[in-house]
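Participant: All residue numbers for the sequence shown refer to this note's numbering, where the first residue is 56 and numbers rise by one.
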Amino acid sequence: MRIAVAIPCYKVTQHVMGVIAAIGPEVDVIYAVDDACPNQSGQYIEEHNTDARVRVLYNPENRGVGGAIVTAYKAAIADGMDIVVKIDGDGQMNPALLPQFVRPLLRKQADYTKGNRFYRPESVEDMPSVRLFGNAVLSFLTKLSCGYWNVMDPTNGYTAVHTQVLKELPLDKLERRYFFETDMLFRLNTVRAVVKDVPMDSVYADEESNLKIGKILPEFLRKHASRLWRRYVYNYLVRDFNVGTVYSIGGVLMLLVGSVFGLCHWIESANSNRPATSGTVMFAALPILVGIQCLIAFLHFDVGNVPNEPLSQNLDDDPLP
Numbered sequence: 056m057r058i059a060v061a062i063p064c065y066k067v068t069q070h071v072m073g074v075i076a077a078i079g080p081e082v083d084v085i086y087a088v089d090d091a092c093p094n095q096s097g098q099y100i101e102e103h104n105t106d107a108r109v110r111v112l113y114n115p116e117n118r119g120v121g122g123a124i125v126t127a128y129k130a131a132i133a134d135g136m137d138i139v140v141k142i143d144g145d146g147q148m149n150p151a152l153l154p155q156f157v158r159p160l161l162r163k164q165a166d167y168t169k170g171n172r173f174y175r176p177e178s179v180e181d182m183p184s185v186r187l188f189g190n191a192v193l194s195f196l197t198k199l200s201c202g203y204w205n206v207m208d209p210t211n212g213y214t215a216v217h218t219q220v221l222k223e224l225p226l227d228k229l230e231r232r233y234f235f236e237t238d239m240l241f242r243l244n245t246v247r248a249v250v251k252d253v254p255m256d257s258v259y260a261d262e263e264s265n266l267k268i269g270k271i272l273p274e275f276l277r278k279h280a281s282r283l284w285r286r287y288v289y290n291y292l293v294r295d296f297n298v299g300t301v302y303s304i305g306g307v308l309m310l311l312v313g314s315v316f317g318l319c320h321w322i323e324s325a326n327s328n329r330p331a332t333s334g335t336v337m338f339a340a341l342p343i344l345v346g347i348q349c350l351i352a353f354l355h356f357d358v359g360n361v362p363n364e365p366l367s368q369n370l371d372d373d374p375l376p
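#1: Specify the secondary structure class of Asp379 as computed by DSSP and reduced to three states.
#2: Classify Ile347 as helix, strand or coil using the three-state DSSP reduction.
#3: Can the beta-carbon of Glu230 be found less than 8 Å from the beta-carbon of Pro209?
#4: Just confirm the distance between the C-beta atoms of Asn190 and Pro254, as a whole number of angstroms; I'd bet it's less than 8 Å.
#5: Gly170 bridges to which residues according to DSSP?
#6: CA-CA distance, Glu274 and Trp284?
#7: With DSSP collapsed to three states, give me the class of Val361.
#8: For Gly305, which residues in the same chain have their Cβ closer than 7 Å to its Cβ, ignoring the five residues on either side in sequence?
#9: Give every residue of the same chain whose Cβ lies closer than 8 Å to the Cβ of Leu292, excluding the five residues on either side of it in the sequence, and list them in chain order.
#10: Find the nearest neighbour of Val60 within the set Pro150, Lys66, Ser96, judged by alpha-carbon distance.
#11: So Arg186 is in the alpha helix (DSSP H); what residue range does that whole segment cover?
#12: For Phe19 and Leu199, I'd like the C-alpha separation in whole angstroms.
#13: Sorted by chain position, which residues of the same chain lie with C-beta nearer than 6 Å to Asn94's C-beta, five sequence neighbours on each side aside?
#14: Would you kindly check if the distance between the Cβ of Asp106 and the Cβ of Ile75 is under 8 Å?
#15: If I follow the unbroken beta strand (DSSP E) through Thr214, where does it start and stop?
#16: Using a Cβ-Cβ cutoff of less than 6 Å, which residues in the same chain neighbour Glu223 once the five nearest sequence positions on both sides are dropped?
#17: Thinking C-alpha only, which one of Val109, Phe241, Leu221 is nearest Pro362?
#18: Going by Cα to Cα distance, which pick from Val315, Val109, Val307 is closest to Ile85?
#19: Grab me the residues of Gly97's own chain with a C-beta within less than 6 Å of its C-beta, minus the 5 sequence neighbours each way, in chain order.
#20: May I ask you to report which of helix, strand or coil DSSP gives Cys319?
#21: Tell me whether Tyr65 sits in a helix, a strand or coil according to DSSP, three-state version.
#22: Compare the Cα-Cα distances from Phe156 to each of Cys64, Lys228, Glu81 and report the closest residue.
#23: Is it right to say Arg118 is buried, meaning 16 or more other beta carbons lie within 10 angstroms of its own, or is it exposed?
#24: Measuring alpha carbon to alpha carbon, tell me which residue in Cys64, Met239, Thr168, Val220 is nearest Met136.
#25: Contact defined as beta carbons within less than 8 Å: I believe Leu366 pairs with Asp166. What is the distance between those atoms, to the nearest angstrom?
#26: Taking the beta carbon of Asn297 as the centre, do at least 16 other beta carbons fall within 10 Å, making it buried, or is it exposed?
#27: State the Cα-Cα distance for the pair Ala352 and Tyr287, rounded to the nearest angstrom.
#28: As a quick exercise: from Ala339, Met72, Ala331, pick the residue whose alpha carbon is nearest that of Tyr99.
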């Protein structure tokens with residue numbers, strides 16, 4: 056199994072050489088992607104690098120972290136790599152953890168692994184409280200929209216993926232910027248890939264985040280809602296029609312019937328100054344209660360519908376015996 060490392064390089068000249076130096080001998084190729092960096096990260100690496108494994112790739116324009124990683128993914132596929140590990144160039148991800156990310160893929164226990172900074176209580180002691188709260192909220196939204204209820208810390212960029220699975224994904228359609236990690240999970244779910252968390256600690260260096268919560272929050276909510284709807288259509292209407300479909304459609308219909316019936320009679324009661332009868336209240340409340348129970352049952356079904364059979368083991372190029 057040939058292992059490659061992808062490093063997106065944008066304003067990381069202070070740390071990237073240290074990251075490269077810490078990558079172990081189990082790695083065959085290191086792709087450093089200069090994402091139209093104003094500090095000329097690619098040229099800086101070429102001038103100071105002594106590691107023969109390093110290949111510097113250049114994006115003609117800034118494509119964001121997603122665009123940089125897709126460039127590395129395509130190069131890894133073309134070069135016949137088996138696994139690609141993404142490590143940021145800002146020094147906040149420990150390259151010594153790389154074997155832990157690769158091991159589940161080698162053992163065919165997963166198709167994609169990602170870091171989880173919430174796994175151990177000690178891991179979050181030094182995490183800023185605002186970042187801790189924001190990641191918790193984003194984790195729940197990602198579970199809902201992407202369907203991986205078993206993973207946490209979705210914005211964590213320390214990942215490893217099997218190239219056989221990458222070939223099944225529309226790489227050119229992946230989000231290019233801050234939503235890249237979440238969109239990757241959504242795309243993986245559409246092909247039923249198995250995702251596994253890897254416990255890790257983060258190192259908070261002196262790099263400043265360009266992420267502005269007030270600016271990207273509406274965009275994130277819109278994109279999460281879009282992917283939730285698309286995932287539902289793919290998994291419960293187009294690809295399959297199962298008991299989860301019945302629960303969800305029945306629950307929504309019951310909620311609508313109860314709500315519309317109750318609202319109409321509430322308006323009629325308010326206009327006539329006559330209180331609604333107990334029977335009317337029951338006819339309005341019962342469908343709502345049943346609808347809520349159906350949606351809870353659908354949620355329970357969806358949680359149990361997380362992919363558990365690695366896709367990569369069925370995509371190997373090895374000939375049949």
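Ideal Cβ placement from N, Cα and C applies to all residues, glycine included.
Facilitator: Answer, in terms of the structure:
#1: In the structure as shown, the chain starts at 56 and stops at 376, and residue 379 therefore has no counterpart that could be examined.
#2: By one-based count along the sequence shown, residue 347 stands at place 292. If DSSP states are grouped into helix, strand and coil, Ile347 belongs with the helices.
#3: As a working mapping, residue 230 is identified with position 175 in the sequence shown. As a working mapping, residue 209 is identified with position 154 in the sequence shown. No, the Cβ-Cβ distance between Glu230 and Pro209 is not below 8 Å.
#4: As a working mapping, residue 190 is identified with position 135 in the sequence shown. As a working mapping, residue 254 is identified with position 199 in the sequence shown. Incorrect: roughly 15 Å between the Cβ atoms, too far for contact.
#5: The residue labelled residue 170 in the question sits at position 115 within the sequence shown. Val253.
#6: The residue given as residue 274 occupies position 219 in the sequence shown. The residue given as residue 284 occupies position 229 in the sequence shown. Rounded to the nearest angstrom, the two C-alpha atoms are 16 Å apart.
#7: The residue given as residue 361 occupies position 306 in the sequence shown. It is coil, neither helix nor strand.
#8: Residue numbering aside, residue 305 sits at position 250 when the sequence shown is read from its first letter. Within the same chain, Gly305 has close Cβ partners Cys349.
#9: By one-based count along the sequence shown, residue 292 stands at place 237. Cβ within range, chain order: Thr300.
#10: For the purposes of this step, residue 60 is identified with residue 5 of the sequence shown, where counting begins at 1. Ranking the options by Cα distance to Val60, first place goes to Pro150.
#11: Position 131 of the sequence shown, counted from the first residue, corresponds to residue 186. Segment 184-201, the alpha helix (DSSP H) holding Arg186.
#12: As displayed, the chain neither begins before 56 nor continues past 376, which places residue 19 out of reach and without an answer.
#13: By 1-based counting over the sequence shown, the position of residue 94 is 39. Counting only Cβ-Cβ distances below 6 Å, and skipping sequence neighbours, we find Lys66, Thr68.
#14: For the purposes of this step, residue 75 is identified with residue 20 of the sequence shown, where counting begins at 1. For the purposes of this step, residue 106 is identified with residue 51 of the sequence shown, where counting begins at 1. Their beta carbons are under 8 Å apart, which means Ile75 touches Asp106 by this criterion.
#15: Mapped onto the sequence shown, residue 214 falls at position 159. Where Thr214 is concerned, the enclosing beta strand (DSSP E) stretches over 214-217.
#16: By 1-based counting over the sequence shown, the position of residue 223 is 168. Once the five neighbours on either side are set aside, the close Cβ partners of Glu223 are Val246.
#17: Translated into the one-based positions of the sequence shown, residue 362 becomes position 307. Checked all of Val109, Phe241, Leu221; the closest Cα to Pro362 is Phe241.
#18: Numbered from 1 along the sequence shown, position 30 holds the residue referred to as residue 85. Nearest C-alpha to Ile85: Val109.
#19: To locate residue 97, count along the sequence shown from 1; it is residue 42. Cβ neighbours of Gly97 beyond the five flanking positions: Asp89, Val111, Tyr113.
#20: For the purposes of this step, residue 319 is taken as the residue at position 264 of the sequence shown. In the structure shown, Cys319 sits in a helix (DSSP, three-state: H, G or I).
#21: By one-based count along the sequence shown, residue 65 stands at place 10. Of the three classes helix, strand and coil, the one that applies to Tyr65 here is coil, per DSSP.
#22: Position 101 of the sequence shown holds residue 156. The shortest C-alpha separation from Phe156 is found at Glu81.
#23: Indexing the sequence shown from 1 puts residue 118 at position 63. So Arg118 ends up on the buried side.
#24: Counting from 1 along the sequence shown, the entry for residue 136 is found at position 81. Nearest C-alpha to Met136: Val220.
#25: Position 311 of the sequence shown, counted from the first residue, corresponds to residue 366. Position 111 of the sequence shown, counted from the first residue, corresponds to residue 166. Indeed, because the Cβ distance is near 5 Å, the residues count as touching under 8 Å.
#26: Start at 1 with the first residue of the sequence shown, and residue 297 comes out as number 242. By the neighbour-count rule (16 or more Cβ atoms within 10 Å), Asn297 is not buried but exposed.
#27: Your numbering for residue 352 matches position 297 in the sequence shown. Your numbering for residue 287 matches position 232 in the sequence shown. Roughly 15 Å separates the two Cα atoms.
#28: Here residue 99 corresponds to residue number 44 of the sequence shown, with the count starting at 1. Considering only alpha carbons, the answer is Met72.
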